[in-house]
Structure formats: structure tokens, C-alpha cells
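To start, the structure itself, in C-alpha cells.
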Amino acid sequence: NSENRYNAMEAMTRALPNLQKITLRKLESTQIRYLDGEDADDDLQIDEDLDINVISRFTKLSYLEIHNAPLNGIYPMLFHFRHLEMLDIYSPQALKWDLEMLAGLPNLKILVCNFHGGLSGDIKNLEI
């Protein structure tokens, strides 16, 4: 179940601190999601929250996939991996982020973004 997988990820932060790839996916229950980020939608009803901040312990992360993950709001720590080279965001539920947050990913080479809902900012402001 989703809680067991989350607990496994928590254990991996200690056992595999140099892990380089993580995928955040939809959880098995629609009533479980990650703790709200900043500026979260209050309308989403849930039964249980899981702390997403656990992935910030993987400081060597080079590839992060977010596919249909139950995220709600802004999560600045998702954009603070200095070794991250690829970020793949596909249809997150209520994730909000700004293109300027990519500045926290200095080694980003590939950005795949297959949604438009919570994205803001002007692409002209990006430094390449």
C-alpha cells in the first residue's frame, strides 16, 4: 500500500543517501496525499497526509519524475537539487510552481512538463 511505500522511501534516505532517481506517483488511495505545500487549495479533502520533505535528503538526486502525484500547493524543496539534470513533471494534481524556481536546479539539462495548470512565470526570464 501507499503508506508502506512511503515508509520504504523514508528508510532509503538512510540506506541509499546517494540515490539518483526518484519517481513520485499517484498513491493507491485518493484519500491519501502528501502534506500541503505553501498556498495549497483548501478544497481538497483527505484522510491522511505523508511528508514529501523526505526526498530532500537525497542530495545527489539527478533525475526527478513527478507523475500524477497528489501534491497540493508550492513545494520549494522540489526545486533545490543542485545535481538534478532531468525534471519530468506530468499532470500533478494541484502542484503550483513558477519558472523562476528552476534557478534552484543549476545543472538542469532536460525539463519535461506535460501540464499547465499550476505553472506561472515568463519563459523569457529564464537564463539558459
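Using our numbering, read the sequence shown as starting at 661 and increasing by one per residue.
Here a beta-carbon is modelled for each residue, glycine too, at the ideal position from N, C-alpha and C.
What you are looking at is a predicted structure, and each value in this text was computed from that prediction instead of being measured.
Under 9 Å between C-beta atoms of residue i and residue j
i: Leu721; j: Leu679; result: yes
i: Ile741; j: Leu724; result: With the sequence shown as reference, residue 741 is identified as Phe, and Ile is not the correct amino acid for it. Yes; because the gap between Cβ atoms is below 9 Å, this pair is in contact.
i: Asn728; j: Arg685; result: yes
i: Tyr735; j: Glu698; result: yes
i: Ile712; j: Leu738; result: yes
i: Gly733; j: Leu755; result: yes
Option nearest residue i by Cα separation, candidates the options
i: Arg665; options: Gly697, Pro677, Asp699 and Val714; result: Val714
i: Leu731; options: Gln753, Glu745 and His743; result: Gln753
i: Val772; options: Met746, Leu676, Thr683 and Met672; result: Met746
i: Phe718; options: Ser780, Glu670 and Ala700; result: Glu670
Three-state secondary structure assigned by DSSP to residue i
i: Thr683; result: strand
i: Glu760; result: helix
i: Asn728; result: coil
i: Ala671; result: helix
i: Tyr666; result: helix
i: Ser780; result: strand
8 Å contact criterion, which residue i and residue j should meet: CB distance rounded
i: Trp757; j: Gly777; result: That pair is no contact at about 10 Å.
i: Leu744; j: Leu710; result: Their Cβ separation, rounded to whole angstroms, is 22 Å, which puts Leu744 and Leu710 out of contact at 8 Å.
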